[in-house]
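The sequence shown begins at 1 in the UniProt record's numbering and counts up one residue at a time.
Think of the CB as a built atom: it goes at the ideal place given N, C-alpha and C, for glycine as much as any other residue.
Every value quoted in this text rests on a predicted model; they were computed, and no experiment measured them.
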Amino acid sequence: MVVVVDGFPVRMVAADVPGQGRMYYLVNSQCDFLPEVKEFLDWKAATRRAPATVRAYCFRLSWYYRFLAHRHLSVLEAEPADLTEFVIWLCNPYREEHRVTPIYQPDALTATSVNLILQAVGALYHFLVRRAMLAESPVVYVDVPRGKWLKEGDFLAHTRRGQATIRWMELKLKEPDRLPPTVSEQDFQSFVNSIHMGEKPNGDPTGCRDRLLCLMLKEGVVLQKIISSSK
């Protein structure tokens, strides 16, 4: 069974494959599988990738093949300059305005989404090079020094002391830093007031402690300092 879930010339379809369950592939306007993508996704499934991961690869590659269809290129003909145009195309919210007349303001893809799509494209080309279907990948990587910012929060950094540089995708977009969401003063006070405490602090020491901890954390006291001071 094949179910069409996309309406573009290069479409993403779902197929029930014996022994593999539901798989997702890309087909052309004649409903023929794109052979290199099918081999790539089958290889991902054979290497125990989760079904959701394989589906994500297929969906992200559909962006690239839609771009290639607009440019009348094959995946083996693309050059580094075409990848640059692809990134510009992804960042343009009106990338397909020639197909339909937009009736609302479309949303642009975020930098994170663009980078995930580029990673999928890079993985596909790496697969094609390993299978000798392509001599060299058009996705350009550069060697950048491994800075301190790469080691922060990396629990295995001590195992990589010999690596002075890492491979970095040249087209990768800079992702903005995301600050954690904050709670309004009114909501925080409602939360603190919801902590039960008796008429006297000694009457409910647990509630008094919990309120005190919340107030200390609100003022910026590090949790580790509170734990160490209680020992």
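Nearest residue (CA-CA) to Ala135, options Ala78, Thr165, Val87, Gln189: Ala78
Taking the beta carbon of Ala168 as the centre, do at least 16 other beta carbons fall within 10 Å, making it buried, or is it exposed? The sequence given here has Trp at residue 168, not Ala. It is exposed - the Cβ of Trp168 has fewer than 16 other Cβ atoms within 10 Å.
Alpha helix (DSSP H) segment containing Thr47, residue limits: Run containing Thr47: none; DSSP gives neither H nor E here.
Would you identify the three-state DSSP class for Glu136, choosing helix, strand or coil? coil
What first and last residue would you give for the alpha helix (DSSP H) that runs through Thr84? 80-91
So what does DSSP say about Arg211, is it helix, strand or coil? helix
For Pro180 and Val192, the rounded distance between their alpha carbons: 20 Å
Any non-hydrogen atom of the ligand NAD closer than 8 Å to Asp143 Cβ: The ligand NAD is absent from the structure shown, which contains no ligands of any kind.
Three-way DSSP call (helix, strand, coil) for Leu61 in this model: helix
Rounded to whole angstroms, how far is the Cβ of Val10 from the Cβ of Tyr65, which I believe are closer than 8 Å? 4 Å
Where do the N-terminal and C-terminal ends of the beta strand (DSSP E) with Thr165 fall, by residue? 165-169
What do you reckon, are the CB atoms on Glu85 and Phe67 nearer than 9 Å? yes
Helix, strand or coil for Arg11? Go by DSSP, reduced to three states. strand
Using beta-carbon positions only, say whether Asp82 and Leu73 come within less than 9 Å of one another. yes
With a Cβ-Cβ cutoff of 9 Å, do Asn115 and Glu36 count as a contact? no
Taking the alpha-carbon positions, what's the Glu185 to Met216 distance? 14 Å
Let me know the secondary structure DSSP gives Val114 once reduced to three states. helix
By DSSP's criteria, Pro145 is part of a beta bridge. Which residues make up the other side? Thr165
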